[in-house]
Ligand SMILES: Nc1ncnc2c1ncn2[C@@H]1O[C@H](COP(=O)(O)OP(=O)(O)OP(=O)(O)O)[C@@H](O)[C@H]1O
Ligand SMILES: Nc1ncnc2c1ncn2[C@@H]1O[C@H](COP(=O)(O)OP(=O)(O)OP(=O)(O)O)[C@@H](O)[C@H]1O
Ligand SMILES: Cc1ncc(C[n+]2csc(CCO)c2C)c(N)n1
Ligand SMILES: [Mg+2]
Ligand SMILES: [Mg+2]
């Protein structure tokens, strides 16, 4: 077998794990002047490292292509991650992690990447299996990112007021569900949804009007592009000044933010119908509305959905930022800006996590509807290359 | 000119282009703005009359609403005067010059835009070529944008400051974060835009991945790239401005905006805002110009 | 030519110039042509000579820049508003979000014909082009030839008196093509429709037409109009007759002359 | 068949099934075929019968799901890596941002051939398809037929021993088509290339080939292989020979049989 | 020279004139110090900055500093140039608010971001809930300016004697139109603008010495500024990078600030205890939960 055929990731994993056994696990405690921990004293970790060396070298030669190999590798990685966390917190390595520890993390990284790689390239005709694989890959990747965050923050002893570890954020999240729920209701349900519907809806209607009047199209669109480049930070305080402290001013900011992407996309979409198709409708002497509903709006749908997707993330961000400029004392943006000042950074991150979850779910919902509504579009057909 | 007018008149020609309609719409907006200014400023003005036990006429009211010191909505001419003073009537090295502040913002905008574009393109290349990256990274790229970066910008500044990175770079980092996303998304689309038949063609030549990339994927992606660059440059300006807010009293359009709102000086806010919009427009126009140059070189139908 | 017959399309000194960035493109010049009721006129000529353009002028999809044209005595614009013709484009032009059946019923929907009637007519038209069974499929699930057939069915579904067909059978294999030729002839014989038909195939032109118009390369001019007098209910056998071969020869010569003109 | 001739393409019991959301599509089934060095093989069959698919399998653009195939004794994949063939697609597939000349030199660039050589070869290939003078034009400035010719020139430019051509002349008018047929024959006679050629035109298939493969509708099977023995330097006149007409008749019958099988 | 980085609590304005004067007049240089002053802003939390190593010494309000100390940032007060609080609640007379008894049912604007602690202790001392119920007050997170009052979105807003109050006046209201409640007068004053460092650093005598020189030079700056308010304001203006401040406003601010300054930088233990008691008395949700230990030291001021 030649060098090039060796599985490089597994090789890296094996070598890094081997070196991890040799190099010091942790540094010296500044106060006591003693070495914090030795690999030899922690059987679980030693086992995990040894296992990594064995499995890594085995798959270096065997090659890790099958789904079972991927599963085994991921299982080893999970065990390793668990041991690494336990070393950090149960053996006092947090804040003192040394070269050996980081080498082991590198080894785990190589394993995780190889495992994810295998599953990502998994093809099955069984739809549920394929869906499961497609779901596992990003989740595993995300969990890995969280793990790295946790380990880096704890390992280097980063102050909590700068960046708390995810475990702490998770704990705060679970313990503050009532506050989070109230904030979510204020920001998302009241401000985001209403602003989103008003902004996208009005832009859609204006787009159809603009499309009918070419003069407006030529006059409004270039300005529209300029307005969408306006920094909303500047607009937000003005909206608070005009529409008051409650959700209405946030909805207004969202309307401004979402209006122009929707307008521009819809107008573009209304012109997306091919010349040939328009000619076809002309041969039927089809009227304006008939052509609009039968040809131009369906052809515009991919563009409309594009705007809806962009706006779904913009809307949440807009609401949160607008809350920096004045709110009643509830809401996600309010909480974020207040809790920073109170040094409750874990609460800040819990809100950020909530925002990310809500935003992703919102985006996902729109994308799902898009898939259902425009399944005819070429981008949803099977790609072969 | 005498005799018959040949071809369309100047008026119709102007109106069928873009400048004419834009001007008309602008004028309409201006009128609306004036009307809005009168209506929004009237209550405080009337309050003021009442407090001073002063009688007033409608004409006087209109005049006064358009000349308030701290109007709720400043009149266009007030903003214009302020902009004239801070742009043209003052040395550009002065701290009161908007040109100076624009430059401060612009430098971090451009740095962030550069890094963001590079990052965006690299990510897209990775995602298009490596299935694992597509499946694992792509969902997170989308999720990353649902994090209100604007809300954690102050913390980013502090964290970067803690590891000794100060000045231009933290602001550019925020720009980068905002502007890599549209670039990645469109580039992924663009790099995938070659038709199956074109990819098959390259396969029949047994072209390598890199050859296919340079000869086929990248040229096909050009229109997508430029469309996203226009969004990215505007958004990276927003990022730079956001980055300037937490650093409070330091220079830049963001600092101007903040100082304006801190002291309730709406005229200053609006002129900073309009300047930002102009800078954004100019940047977008420059990108558009580059786009045309590139596309012409690529032989695309004008 | 008996003067009694009604002129469906009447073209006099028609010319059309496209203004493009590289200067004007003379697509048609000085075209004179009369198509009478019940005629089957084929247009044949080198690629880019203006056949499509001529059909588009008749259909009011393009404005002539000179000369006169009338359809059933009115302008093309009025004719279009009266839905005087069915048009089959060179490409299928199916709407990707509609199933095959709903693509075929599209014109009927626009003309506000009742639902049952629509479905009935679509069934008939699809049967004619042998696409029954594919009603619920979407365009991209069909091969190119099938798509083209669907677009023919769509034009037939609403029974216009004038059919404008731009290379409708280009993407089809010979057998299907022969079959559709036959079907088209039958339809023509039965209904006394007027057909204007663009093709690249000389045998097809000769087989189908009552009149063959040979065009020269750009600027498209008519260089020969050949009348045939095969009966309307002709069969494929006539292709072996000397008369057929002679006409085919004449068309070929015309075309060749045009080509050499060109170079 | 003299056993001495080298088999360029050797296909045994080949079958290919597409897995689609609506269930499997059987595109090819049980195809046996040998193409020998210097053969000119035409594939003819109804639309959607798998001609393109078969060519794509030979070119390693599609993986067979059963059976065996070898090109020059190696797998299609290896053959592709050796750049053993030139492929002309059904559509022109020109890169819109390259001038015609640079489109033609694209494969040469990828094969890292020197600049002068590239230009020289492009000149020759463009001359062959009568596109000299259009080197600096961009694809959209050419009519569909001219684009197709440019794509043929591109495939010819790098002088592969095996040519795979998928309906290369579909979009051309008869005169140009005849001309290109002649050119292709000349090239073939001169160079001893092996050609696999898909067409819908029976006369074209008979005129060009040394072997005609007639295919049946889906799932594509070979229903007849007809060998012709016209000389390599045949001219257009042979079309009037009874031998020609007889072969054409046999092909037509084969096609017809396939069609009736279908329904 | 020894390097010192000072993180301000807010943007460059006369509130921090003493430091800018000391820098400008070379007092720091004389003390062999190389001082960098970093302005703050609405979203800059000085405790976070110092915890991240971005500053050696910060200016903060004591409630916020003590709360941060409980959250694990070991801040220690080393000097307290401001003896009095400048916080107040400014109400429109026309709303009919005469005394704190009138608050229930009203809408009050409050600054958050760690600045809300004095208000919260005041309200809990008054026994007024802040949850927006009928017998409580509705609290708004007030933005950067006094617009909510001018536009009658709130009945009262928080103001500083030296800053926002004058913005209200500049907006055309006269002092007669307003009813102000100074925290000092209400007996709920807490210590503002003190200098804080990290506890660990104080173990290093060199650092203590450096801080002693720094506080000393700063106080010199303050005294100079108190004497020359106009010139001090101009120095502040010179250091304002946004170019947004006006001379009139800064001179006025300097004069108001002068009234808050103490005679020395030494922390008054009684005032400290008052602040702590007020914060501890926060009812169900006190700002700090237990008596802080080691949150201040005279080590620095003693060395001056
Ligand atoms: N919109 C247009 N602008 C400019 N030139 C055009 C336009 N449409 C067609 N032409 C030119 O007019 C000429 C006639 O085109 P037309 O499509 O009518 O040809 P055709 O006879 O239908 O050819 P084919 O057999 O290839 O379909 C061509 O040379 C074409 O390039
Ligand atoms: N990627 C694919 N997925 C599913 N089915 C396919 C795919 N490609 C081709 N087919 C089907 O396989 C069959 C053969 O297609 P192919 O393109 O080979 O036909 P063809 O003989 O070339 O037809 P034509 O003469 O119309 O070009 C068709 O029925 C087609 O619908
Ligand atoms: C968001 C925000 N927070 C606080 C203040 C008030 N403020 C003005 S000066 C000052 C004192 C700083 O030492 C404070 C707290 C504000 N206006 N906006
Ligand atoms: Mg045409
Ligand atoms: Mg095919």
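Protein chains in written order, with the working numbering: chain A, 1 to 385; chain B, 1001 to 1302; chain C, 2001 to 2263; chain D, 3001 to 3263; chain E, 4001 to 4304.
Backbone N, C-alpha and C define an ideal beta-carbon position, used for all residues, glycine too.
Any heavy atom of ligand 1 closer than 6 Å to the CB of residue 1947 of chain C? Because chain C spans 2001 through 2263 in this model, residue 1947 of chain C falls outside it and cannot be assessed.
Which class does residue 4296 of chain E belong to by DSSP, given the choice of helix, strand or coil? strand
Please report the straight-line C-alpha distance between residue 4009 of chain E and residue 360 of chain A, rounded to a whole angstrom. 36 Å
Is it true that the CB of residue 4004 of chain E sits closer than 7 Å to the CB of residue 4035 of chain E? yes
How would you label residue 2211 of chain C, buried or exposed, when you count the other beta carbons within 10 angstroms and need 16 or more for buried? buried
Using the Cβ count rule (16 or more neighbours within 10 Å means buried), how would you classify residue 28 of chain A? exposed
For a test of your reading of the model: does the CB of residue 228 of chain A fall under 6 Å from any non-hydrogen atom of ligand 1? Yes or no. no
Give me the Cβ distance between residue 3093 of chain D and residue 1197 of chain B, rounded to the nearest whole Å; I'm assuming they're in contact under 8 Å. 5 Å
At a cut-off of 6 Å, is residue 3143 of chain D close to ligand 1 when judged by its beta-carbon and the heavy atoms of the ligand? yes
Between the alpha carbons of residue 1249 of chain B and residue 43 of chain A, how many angstroms are there, rounded? Note on residue 1249 of chain B: pLDDT 49, under 50, position unreliable in the model; the coordinate value appears next. Distance between the alpha carbons of residue 1249 of chain B and residue 43 of chain A: 55 Å.
Report yes or no: do the stretch 1074-1088 of chain B and the stretch 1268-1279 of chain B share at least 3 C-beta pairs separated by less than 8 Å? yes
Can you tell me which of B/1255, B/1279 and B/1035 puts its alpha carbon nearest to the alpha carbon of residue 4039 of chain E? B/1255
Count the CB pairs spanning the stretch 2011-2021 of chain C and the stretch 2053-2064 of chain C that are closer than 8 Å, and state whether there are at least three. yes
What do you reckon, are the CB atoms on residue 356 of chain A and residue 1143 of chain B nearer than 7 Å? yes
Is there at least one Cβ from chain E nearer than 7 Å to residue 329 of chain A's Cβ? yes
Chain A beta carbons: is any one of them nearer than 7 Å to that of residue 1139 of chain B? yes
With distance defined between alpha-carbon atoms, name the residue in A/114, A/37, A/6 and A/156 nearest to residue 21 of chain A. A/37
Beta-carbon contacts of residue 332 of chain A that lie in its chain and below 8 Å, excluding the five residues immediately before and after: 183, 184, 186, 187, 188, 319, 320, 323, 351, 354 and 355
List the residues of chain B whose Cβ lies closer than 7 Å to the Cβ of residue 3107 of chain D, in chain order. 1205
Would you mind giving the Cβ-Cβ distance between residue 4084 of chain E and residue 4179 of chain E, rounded to the nearest angstrom? I have them listed as a contact below 8 Å. With 8 Å as the limit, residue 4084 of chain E and residue 4179 of chain E do not qualify as a contact, their Cβ atoms being about 20 Å apart.
Between which two residues does the alpha helix (DSSP H) holding residue 2148 of chain C run? 2144-2157
Can you give the Cα-Cα distance for residue 4219 of chain E and residue 4174 of chain E, rounded to whole angstroms? 34 Å
Can you tell me where the beta strand (DSSP E) with residue 4291 of chain E in it begins and where it stops? No beta strand (DSSP E) contains residue 4291 of chain E, which DSSP labels as neither H nor E.
Whole runs of the alpha helix (DSSP H) within the stretch 149-205 of chain A, excluding any shorter than 4 residues: 166-175 and 177-184
If distances are taken between C-alpha atoms only, which option among D/3101, D/3244, D/3220 and D/3110 comes closest to residue 3209 of chain D? D/3244
Could you check if residue 1214 of chain B is buried or exposed, using at least 16 other CB atoms within 10 Å of its CB as the buried criterion? exposed
For a quick check, are the C-beta atoms of residue 3964 of chain E and residue 4182 of chain E less than 7 Å apart? Nothing about residue 3964 of chain E can be read from this structure; chain E reaches only from 4001 to 4304.
Mapping DSSP to helix, strand and coil, what is residue 90 of chain A? helix
According to DSSP, simplified to helix, strand and coil, what is residue 2032 of chain C? strand
Please state whether the Cβ-Cβ distance between residue 1116 of chain B and residue 1176 of chain B is less than 7 Å. yes
Going by C-alpha to C-alpha distance, which of E/4068, E/4156, E/4125 and E/4176 sits closest to residue 4187 of chain E? E/4125
Which chain C residues are close to residue 3145 of chain D, counting only those with a beta carbon under 9 Å from its beta carbon? 2046, 2047 and 2048
Bridge partners of residue 3026 of chain D, per DSSP? D/3017
Counting only beta-carbon atoms, is residue 370 of chain A nearer than 7 Å to chain C? no
Output needed for residue 3173 of chain D: all residues of its chain with C-beta closer than 8 Å, excluding positions within five of it in sequence on either side, in chain order. 3145
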